[in-house]
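Those protein sequences? They're chains A and B, same order as listed. Residues 4 to 417 (this note's numbering) are what the first sequence spells out, left to right. Residues 658 to 704 (this note's numbering) are what the second sequence spells out, left to right. Heads up: the structure comes next, in structure tokens.
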Amino acid sequence: MDSAFIPEGVKRCPFPQFLAGLGLAGVVLAWGIFAMLLCWLKGLNQTNMNDSYGFALWIWADLAVIALGGGAFFSGFLKYIVGKDELKNIINFAVLIGFICYSSALLILAIDIGQPLRGWFIFWHANVHSMLTEVAFCLSCYFGVLTIEYIPLILENRQIDKIPFFHNLSHNMHEVMAVFAATGAFLSFFHQGSLGGIAGVLFGRPFAYREGLLVWPWTFFLFTWSAAAYGPCFTIFLIKLLEKITGKKLVKDNVIDLLAKISGWMIFTYIFAKIIDTWYWAVVTVQSKGQTLMDFYDDNMFYGLWILVAEIVVGGIFPALILLTKKGRNSASLLWAAVILACLGVCINRWVMVLQVMAIPVLPFEDWALYYPSWQEIATTILPVAYGVILVMISYRYLPIFPQEKELNPIESH
Amino acid sequence: MFPFISFEWVWDIEHVVFMGGLWYAVSILGIGMAYCIIKAAIDKKEV
């Protein structure tokens, strides 16, 4: 039915099956949109945010998807700036995932600000002393970069490509893509960093506070570093998942191996820096504020010392060691374990830096403030996942996302 | 946001660096896209 739009030389599932898949994801999407409309029409009283939690599940989701979407800027940086040409076979998918992650982040922010009609205030009435303003600027501009990187892919659709203007436009955009990619890497460096910087400058909350370099606390650099390290793992995870779902090999092993190896080194160096940062914070920073490490960990179900171990050892050291070894990268099960643990590790890091910061008592008479999201918050957090599934489904079906797919899955002629 | 237009604009280092960075990035994206679109239109005419 839609075969004229499907890229040449590849096989796709029957159209009704595709529609059924879209419908399934569409139901979840509709549930999220319903919750989103409740938040917009009735207000933020639909959430369980309170005086202790001005930042909650949404901001964690925001920070997590931005870190996971870091695969786009880092892959772009490696391909266009460093010159790792093999990554051209993965960059389209990395851009798609980045586009989904960043548009999701902006959507969540549009819900979180409560009054989206005033969203433009952050540009018009910019507070030039705020790291959040910098985040908003860089996030919006980088989303522009990702859109520009995604457009040529759309233009390469079999039917659209037949129109000479769009064919030329796509060609021209590819020619200058290095300029856009470099701009994207620059913007990403700053907004990833500033997201960490926001926590690091909270001198009234010793759990988050860090010393640093000039105006940038160490969390600034750690956030950028972790996004570049863990983002590619999310890209690899989704490629492997898509390969499982479609039952096809979509990217050659040497490409995955290269990205996994780079990611492994990035995680290894990041986690080394993170351990030094944590150790210095525990023995110097915290003590200078008159507190001890165990003041920040409790025996409640959320924030025991286990969360620190889960973040650094399970979600950091383990995946780094697997990805650094050739044997680990070549073993399918170990590679799966590494990328899943890495994704969990960075999500735990963002959870800790957003929600544990809020939970810890800051005054002697306060108790731990635990927070449970409302169903509206959960639904609106799942909404971007459904939206992402739909966009991946459509893009995979109609756009040449994986340049090696045709070669790896030749169609037998009868 | 805009020098000379926005009443909140102040000529200090913070505004120049912050807003300058924004306009710099937006300009690169705008000029880059304008170049691609204009060149695509010219190429189409030549064909």
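Here a beta-carbon is modelled for each residue, glycine too, at the ideal position from N, C-alpha and C.
- In this structure the segment 267–278 of chain A lies against the segment 228–248 of chain A, because at least three pairs of beta carbons, one per stretch, are closer than 8 Å.
- The Cβ-Cβ distance between residue 99 (chain A) and residue 395 (chain A) falls below 8 Å.
- Taking 8 Å as the cut-off, the Cβ atoms of residue 81 (chain A) and residue 109 (chain A) do not count as close.
- For the pair residue 136 (chain A) and residue 379 (chain A), the CB atoms are not nearer than the 8 Å cut-off.
- With respect to the 8 Å criterion, residue 129 (chain A) and residue 658 (chain B) are classified as neighbours on the basis of their beta carbons.
- Taking the CA atoms as reference points, residue 11 (chain A) sits about 23 Å from residue 243 (chain A).
- Contact check for residue 311 (chain A) and residue 277 (chain A): beta-carbon distance about 10 Å, past the 8 Å limit, so the pair fails to qualify.
- Between the segment 28–47 of chain A and the segment 380–393 of chain A there are three or more C-beta pairs closer than 8 Å, enough to call the two in contact.
- Chain A places no beta carbon closer than 8 Å to that of residue 664 (chain B), leaving this residue out of the contacts.
- Residues of chain B with a Cβ closer than 9 Å to the Cβ of residue 134 (chain A) do not exist, since the nearest Cβ in that chain sits about 11 Å away.
- Those residues of the segment 169–186 of chain A placed with their C-beta closer than 7 Å to a C-beta in chain B are 171, 172, 175, 176, 179, 182, 183, 186, ordered along the chain.
- Of the other Cβ atoms in all chains shown, 16 or more fall within 10 Å of the Cβ of residue 198 (chain A); this residue is therefore buried.
- At the C-beta level, residue 72 (chain A) and residue 105 (chain A) come within 8 Å of one another.
- Per the DSSP secondary-structure output, residue 215 (chain A) pairs in a beta bridge with A:220.
- Under a criterion of Cβ atoms nearer than 8 Å, the residues of chain A adjacent to residue 675 (chain B) are, in order, 129, 131, 136, 137, 140.
- Residue 297 (chain A) and residue 206 (chain A) have their C-alpha atoms spaced approximately 18 Å apart.
- Residue 192 (chain A) and residue 94 (chain A) have their C-alpha atoms roughly 18 Å apart.
- Counting along the chain, no alpha helix (DSSP H) covers residue 371 (chain A), and no H or E run does either.
- In the same chain as residue 68 (chain A), and ignoring 5 residues on each side of it, the C-beta atoms closer than 6 Å to its own belong to 104, 107, 108, in chain order.
- Interface annotation, residue 350 (chain A): not in contact with chain B, CB-CB separation never under 8 Å.
- Setting aside the 5 residues that flank it on each side, residue 363 (chain A) is surrounded in the same chain by 210, 299, each with a C-beta closer than 6 Å to its C-beta; the list follows chain order.
- Residue burial is scored here from C-beta neighbours: residue 318 (chain A) has at least 16 other C-beta atoms within 10 angstroms and is therefore classed as buried.
- The three-state reading of DSSP puts residue 15 (chain A) in coil, since its state is none of H, G, I, E or B.
- Here residue 400 (chain A) is buried: its Cβ has 16 or more other Cβ atoms, across all protein chains shown, within 10 Å.
- With respect to the 8 Å criterion, residue 320 (chain A) and residue 274 (chain A) are classified as neighbours on the basis of their beta carbons.
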